Amino acid sequence: MKVILKQDIKGVGKKDQVINAADGYARNYLFPKNLAVPADDGNMNNLKSKNESVAFRKGEDLKEAKEIAERMKSITVKISVKAGDNGRLFGAVTAKEIAEALKKDFGINVDKKKVLLSESIKVAGATKVDIKLNEGVMAQVTVMIVPQQ
Numbered sequence: 051m052k053v054i055l056k057q058d059i060k061g062v063g064k065k066d067q068v069i070n071a072a073d074g075y076a077r078n079y080l081f082p083k084n085l086a087v088p089a090d091d092g093n094m095n096n097l098k099s100k101n102e103s104v105a106f107r108k109g110e111d112l113k114e115a116k117e118i119a120e121r122m123k124s125i126t127v128k129i130s131v132k133a134g135d136n137g138r139l140f141g142a143v144t145a146k147e148i149a150e151a152l153k154k155d156f157g158i159n160v161d162k163k164k165v166l167l168s169e170s171i172k173v174a175g176a177t178k179v180d181i182k183l184n185e186g187v188m189a190q191v192t193v194m195i196v197p198q199q
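Going by this note's numbering, the sequence shown opens with residue 51, and the numbers climb by one from there.
Printed below as a string of structure tokens:
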């Protein structure tokens, strides 16, 4: 019997996958526990439309990420931090602070986990920082650390 899985089942398949299951397994385990539905015409049409909407949404997100990446090429994020006489910072500038500055100054929402810093910035000056916006879309911004006495 062909069934559409409603969630991942270890050893059986992933969510929204159409599989062949034994009749007894489907009727006595998958259907009562609401883990699967029969793969009839109505359910197959629902699955098809759901997959199309997911693909459309991914395409829209990718297009939006590319537009943001293009905008970010010319952006310079300025962050003022307390520093000593030799330009060394008291503390460090982290990905969280960069993400907050992007949101506050430019209205660009970026998750701090998407700001790719190998280590925190500890010296004043300009630094190039990579930001992963979407699958395969990277942007680079210049972060200017301005010391304040």
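Every residue, glycine too, gets a C-beta built ideally from N, C-alpha and C. Here the structure is a predicted model, which is why all the values come from computation and not from measurement.
Reduced DSSP secondary structure (H/G/I, E/B, other) of residue i
{"i": "Asn78", "result": "helix"}
{"i": "Asn159", "result": "coil"}
{"i": "Ala105", "result": "helix"}
{"i": "Ser168", "result": "coil"}
{"i": "Asp90", "result": "coil"}
{"i": "Asp69", "result": "Rather than Asp, the amino acid found at residue 69 in this sequence is Ile. Correct three-state label for Ile69: strand."}
Whole-Å CB distance - residue i paired with residue j, under 8 Å assumed
{"i": "Val196", "j": "Ile171", "result": "About 12 Å; that fails the 8 Å criterion."}
{"i": "Ile118", "j": "Ala176", "result": "With a Cβ gap of about 21 Å, Ile118 and Ala176 do not count as contacting."}
Under 8 Å between C-beta atoms of residue i and residue j
{"i": "Leu80", "j": "Ala89", "result": "no"}
{"i": "Ile129", "j": "Val193", "result": "yes"}
{"i": "Val179", "j": "Leu139", "result": "no"}
{"i": "Val62", "j": "Ile69", "result": "yes"}
Span separating the alpha-carbon of residue i from that of residue j
{"i": "Leu166", "j": "Ser124", "result": "18 Å"}
{"i": "Glu120", "j": "Ile181", "result": "12 Å"}
Selection from the options that minimises the alpha carbon distance to residue i
{"i": "Asn96", "options": "Asn78, Asp161, Asp180 and Lys56", "result": "Lys56"}
{"i": "Ile148", "options": "Lys64, Ala72, Lys113 and Lys164", "result": "Lys164"}
{"i": "Gly141", "options": "Ala105, Ile118 and Gln198", "result": "Gln198"}
{"i": "Lys153", "options": "Ala176, Val53, Val127 and Gly134", "result": "Val127"}
{"i": "Asn159", "options": "Asn136, Asn93, Asn184 and Glu169", "result": "Asn184"}
{"i": "Met51", "options": "Asp91, Ala176, Gln67 and Tyr75", "result": "Tyr75"}
{"i": "Lys83", "options": "Ser99, Asp58, Gly92 and Phe106", "result": "Asp58"}
{"i": "Asp155", "options": "Asn93, Gly92, Lys132 and Met122", "result": "Met122"}
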